[in-house]
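Below is one structure, written out as structure tokens; the observations come after it.
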Amino acid sequence: MKKGLRFALVGTVLTAAITTLAPSSNDYEPRIQSEQGAAGAAAYLHSLRANQVTGTIDQEDISSAIQSLENMPESSIGLAWDERGPDNRGGRTRGFAINPQNPTEMYAGSVSGGLYFSNNAGLSWTEVNPEQENLSVMSIAYSKDGDVYYGTGEGLYNTWTSGFGASTSSGFPGAGVFKKGANQTQFTQLSSASNFASIGAIVTDPTDNNKIFMATNAGIRASTDAGASWSNPVTGVGAQAACWDIHMDAGGNVWGTLGGRTMKSTDGGATFSEISKSSAGTTGLPRSGGRIMFASAKNDPNTVYTVHITSGNALSGVYRTTDGGTTWSKIGQKSTYFDPFCSSQCQGEYDLAIGVDASNKDRIIVGGISVWSWQQGQGWNQVNGFGPFNIHADNHDVVWHPTDSSKVYMVNDGGIYFSKDFGTTWQTLNKNYVTTQFYNIGISSDRYVVGGTQDNGSWIMDGSGNTPNTGRSLGPVDNFSGDGGFSTISWLVPKIYFTEYQGGRIGRSENRGQSFSSFWDSRSSEAIGSWMTPFYLYENSSDPMSTDSVQFKVTEAIRSLGFANAGQDTFVGNIKPIQQSAIMDASTFQVKSGTLVISADASGNLTGDGTGNFDASTGDFTVVFSSIPAAEIVATVDVSYTAGSTVSLGSNTNGLPFNYTLPNNLGMGDSIIVQDPVSSMFIVGFSGSVWMTRGALDFMDTPTWYKLASITGTAQAVEVSEDGNYAWIGTSNGRIYRISGLQGARSFKTADLDSGQTALDVDLVYSVIGRNVTSIAVDPNNNDRVLATMGNYGNQNFVYYSSNATSPNPNFTVKDGNLGNFPVYSATFDKGNSAYAIIGTEYGIFSTTNINAAAPSWGADNSGLARVPVFTLKQYRTDKSSSADVDVMEGDIFAGTFGRGTFQTTTLMNTRPVSIAENEDIEKPSSALRLFPNPAEEKTTIETDLSEGTYQIEVVDLNGRTVLSEKFEARESGKNQFTINISELSNGMYIIGIQGKADSYTRLMVAR
13 MKKGLRFALV GTVLTAAITT LAPSSNDYEP RIQSEQGAAG AAAYLHSLRA NQVTGTIDQE
73 DISSAIQSLE NMPESSIGLA WDERGPDNRG GRTRGFAINP QNPTEMYAGS VSGGLYFSNN
133 AGLSWTEVNP EQENLSVMSI AYSKDGDVYY GTGEGLYNTW TSGFGASTSS GFPGAGVFKK
193 GANQTQFTQL SSASNFASIG AIVTDPTDNN KIFMATNAGI RASTDAGASW SNPVTGVGAQ
253 AACWDIHMDA GGNVWGTLGG RTMKSTDGGA TFSEISKSSA GTTGLPRSGG RIMFASAKND
313 PNTVYTVHIT SGNALSGVYR TTDGGTTWSK IGQKSTYFDP FCSSQCQGEY DLAIGVDASN
373 KDRIIVGGIS VWSWQQGQGW NQVNGFGPFN IHADNHDVVW HPTDSSKVYM VNDGGIYFSK
433 DFGTTWQTLN KNYVTTQFYN IGISSDRYVV GGTQDNGSWI MDGSGNTPNT GRSLGPVDNF
493 SGDGGFSTIS WLVPKIYFTE YQGGRIGRSE NRGQSFSSFW DSRSSEAIGS WMTPFYLYEN
553 SSDPMSTDSV QFKVTEAIRS LGFANAGQDT FVGNIKPIQQ SAIMDASTFQ VKSGTLVISA
613 DASGNLTGDG TGNFDASTGD FTVVFSSIPA AEIVATVDVS YTAGSTVSLG SNTNGLPFNY
673 TLPNNLGMGD SIIVQDPVSS MFIVGFSGSV WMTRGALDFM DTPTWYKLAS ITGTAQAVEV
733 SEDGNYAWIG TSNGRIYRIS GLQGARSFKT ADLDSGQTAL DVDLVYSVIG RNVTSIAVDP
793 NNNDRVLATM GNYGNQNFVY YSSNATSPNP NFTVKDGNLG NFPVYSATFD KGNSAYAIIG
853 TEYGIFSTTN INAAAPSWGA DNSGLARVPV FTLKQYRTDK SSSADVDVME GDIFAGTFGR
913 GTFQTTTLMN TRPVSIAENE DIEKPSSALR LFPNPAEEKT TIETDLSEGT YQIEVVDLNG
973 RTVLSEKFEA RESGKNQFTI NISELSNGMY IIGIQGKADS YTRLMVAR
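If you want it as structure tokens, here you go:
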């Protein structure tokens, strides 16, 4: 089997708080080039999306891109996507609201995964219209009569200072406000507020259903007609400054911010005046250099708290007033031991939450990276660690239950957390809240999905949890964790996992991800790791150019019969050589027990200290000792081999078996050195260089690393051809490098640039200066066919294709066709149809049936998915042969999204389940078959258009075994429904196939 695990570079918006538990046991580690913490993650995503000339993401470019989507057709391929989880881990969440009239109903909003609803107090969640116009949910509010509003756009809360000197946002922009009436089922965009890119807070008047306020990137906005129109209640200088927060206290006073100023309205929001001061003294409220957030007592309008952040994103102060803002006291300030917003770096602009205890106006909870409580007379106490019954890092909102003051909710980069003891202990409420943001994913030979996420480390969905999509968190690398990155699993040795954390901290595991350790040598430590350091694992079980070897030595066959029972002198047994092709020499057969020896002649007749016979053709023997044997009884026989016979040997790579045909006759004691055909390459792209080791699967020693190439820029994508001879490197500054001759790179002399004699050719084959090469894909059937994708708004070309990529001077041509002008993050060819190409973009997945066309026609292919950024596409490919009993299936595609977890489509599987008719001409795309519910527990209903007649429905597991088979009658042509009972099926994924004389369909089903 030959297999490459392909990685396309991905992006994120933020990082986790990073906790180093212990020093690394490894002496060598790549240096880290990029910024860390929130700034590092923001800079990384910014590099993928911002224009390379201006250094900004222009709102007009985004609006133009979104408008182009309205004219895009649906794809004729018709990919049907199914969730792969994790369904037990939430992603970055800022918006949360509880229905005050019915607290079992609540909404939560992810910054790039959309809106979710729960009707059971958060025990489980369902997505709300995944095809909604904007998935960047920031704020949610219920009105007096039950209307629901949510604001979109994270830009204001996720900025960094670029190399251009401007403060720019890497957060996904919004599309204003969306509203659902109390008696309505769908949210619609309010055209009156559609031009706001970031709405961080929405508040409604509990006494007036028509009065709403929102905090926007362009100041405070108020509506007195339920959102039909909006006005700015602030006039004068600074009225259009960014509003960080808007809040209404129990007396109907409205608090807001404009830049670093605190504003208050005492007339219901009609007018605002500043109450902060540039020189506040000891009892005044100062202006802030950064973000501001408010909270007030549930039943006391005079008790209000506010948190101020510095321009450096650290804590400036926590202030309290008990007289409605006339005088203030500073109850918290940054110290050596106290700053909820700082760890390795400070990020208070990004994560800030404050809430007043609903039962005690003199107690608050403040959250950032860490969570603290303050109570009058008791001071500050840290609420959370980072483990079970504690709360995730990077908190964004705290909300008390409207009727039970012991219950409090916090939303953060780990989703939704809940406490029923005033915030002492916490538990997650993330069931089916699938909003994780994946940088990158890999797939295993068992179709496990593994990947690295923003602020949630690395996860695997391997079917070992409560549902097939339940995830399991992978261990840290040398006790370091935080933001996950590239991840993969060896197909040759499935217990070996690889993963990384930010800054090039790459680790390997030989215990299925329970623990990881780095594996650099002294030379590779000179490499410079970036925020996401791309790597690629290439494996080959039949490498004809391998320079590794194993020894085969002819040894005797041996069989122990143990010890005799009391009075036992007769023994019957069988002896078999390790190798089936071995020829036993009857004349060498012996049975020994201490000093007793029984030997055979050429005919197998036994003499000596007993009698008996031995059959060299079968290995059967009968022995009768002349006296009762007292010691262990052992039988041996010499063996030999003839030229042309086959022996099974064990590779140096984890003892993997392989067959070898002997070229010569071999007798006892003879040995031969045999080429070990199992090989691997682990290639890592750093800033300025590319490194490789062939020892990544060998845990007996630290692998030797070779410097393959020096490059200009930072590697963003690494891809290897199917034969392992070419590596492709895409960089952050638009360069595409080709490394040729990897099949011959086996030693320092032939593989290392510093040897001066390397067998490799390193060529800069294409360049789009300043652009970010987000991914590279190589056709598994043809090394000459290569796709490269580009990021960066404000450009016109994002997909490039070469049909002569291995030639001395390859050509790359633009293949955007009718595609809009927006970043493309990932791509894959379809192994089963060379004309098909699938890409992952800022707005979901698109495909074409003819990438060879001068201007390909692209169509949206998001059925079951959403307009969510797709940073990774991987197709399941293998050259494993089918057997008479089981068909091997390949061609399904896996997607890693930045906000909606992972997905899988089986539409392009090119081998059908066992016993489904093999007529490929009549097979229909699986999207033509609908299953509901899916996932299913007891029963599922199949709905599809059929001709009248008899149909066979079969459920097949992913190993090709039929586990359920039923016949149904379609009594008339057209839409038909069949319900099947799946209660006896084990949890997992299955293929449902339906076959008739004229119709054939398949679809992936998840049983749980």
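Using this note's numbering, you'd call the opening residue of the sequence shown number 13 and step up by one each time.
Each residue gets a CB set at the ideal place from its N, CA and C atoms; glycine is no exception.
Measuring C-alpha to C-alpha distances from Thr465 to each of Arg61, Ser88, Asp969 and Arg104 identifies Arg104 as the nearest. Nearest C-alpha to Ser534 among Arg459, Phe575, Pro715 and Thr440: Pro715. Separation of Gln144 and Gly126 (C-alpha to C-alpha, rounded to the nearest whole angstrom) is 8 Å. In this structure, DSSP gives Ala62 a state outside helix and strand, which the three-state scheme calls coil. Fewer than three pairs of CB atoms, one per stretch, sit closer than 8 Å, so the segment 532-550 makes no contact with the segment 635-655. Nearest neighbour of Ala309 by Cα position, chosen from Val411, Trp256 and Gly344, turns out to be Val411. Within the DSSP secondary-structure output, Leu57 pairs in no beta bridge. Exposed is the label assigned to Ser683, since fewer than 16 other Cβ atoms lie within 10 Å of its Cβ. If you look at Ile857, you'll find it in the beta strand (DSSP E) that goes Gly856 to Thr860. Between Ile1006 and Thr956, the C-beta spacing is below 8 Å. Its chain contains Thr116 as the residues whose beta carbon lies nearer than 6 Å to that of Ala133, once the 5 sequence neighbours on both sides are disregarded; these appear in chain order. Ile751 and Val690 have their C-alpha atoms spaced approximately 22 Å apart. Distance from the Cα of Thr247 is smallest, within the candidate group Asn222, Asn229, Thr318 and Ser285, for Ser285. Its chain contains Val566 and Tyr653 as the residues whose beta carbon lies nearer than 6 Å to that of Leu678, once the 5 sequence neighbours on both sides are disregarded; these appear in chain order. Scanning Ser277, Val160 and Gln252 for the CA closest to the CA of Asn221 turns up Val160. Counting only the Cα atoms, Phe510 lies some 41 Å from Ser328. Around the beta-carbon of Gln580, fewer than 16 other beta-carbon atoms lie within 10 Å, marking it exposed. Looking at Gly391, Asp217 and Phe184, the one whose alpha-carbon comes closest to that of Leu60 is Phe184. Here DSSP, grouped into helix, strand and coil, assigns Ile994 to coil. If you check the CB distance, Asp257 and Gly212 come in under 8 Å. At a Cβ-Cβ threshold of 8 Å, Phe910 and Phe944 do not count as neighbours. Shown here for Ser744: same chain residues with a beta carbon closer than 7 Å to its own, the five before and five after excluded, namely Ser59, Gly725, Thr726, Gln728 and Asn784 in chain order.
For Ser80, the enclosing alpha helix (DSSP H) has its first and last residue at Gln71 to Leu81. Comparing alpha carbon positions, the residue from Ser859, Ile570 and Asn864 closest to Pro589 is Ile570.
DSSP, read as helix, strand or coil, puts Gln755 in helix. The distance from the Cβ of Gly426 to that of Asn452 is about 19 Å, inconsistent with a contact at the 8 Å cut-off.
Distance check between Tyr837 and each of Lys886, Ser814 and Asn207 places Lys886 closest, using alpha-carbon atoms only. Here Ser537 is not near Trp503, since their CB atoms are 8 Å or more apart. Here the alpha carbon of Ala739 sits roughly 27 Å from the alpha carbon of Asn807. Around the Cβ of Glu981, a 10 Å sphere holds fewer than 16 other Cβ atoms; the residue is exposed. For Gly52, the three-state secondary structure derived from DSSP is helix. In this structure, Ile954 lies away from Gly700, with their beta-carbon atoms at least 8 Å apart. The alpha-carbon of Gln687 is positioned some 49 Å away from that of Gly102. The C-beta separation of Tyr963 from Lys979 comes to about 7 Å, placing the pair in contact by the 8 Å criterion.
Taking 8 Å as the upper bound for CB-CB distance, Ala209 and Gln71 are in contact here, some 6 Å apart. In the DSSP annotation of this structure, the continuous segment of the alpha helix (DSSP H) that includes Phe760 starts and ends at Phe760 to Ala763.
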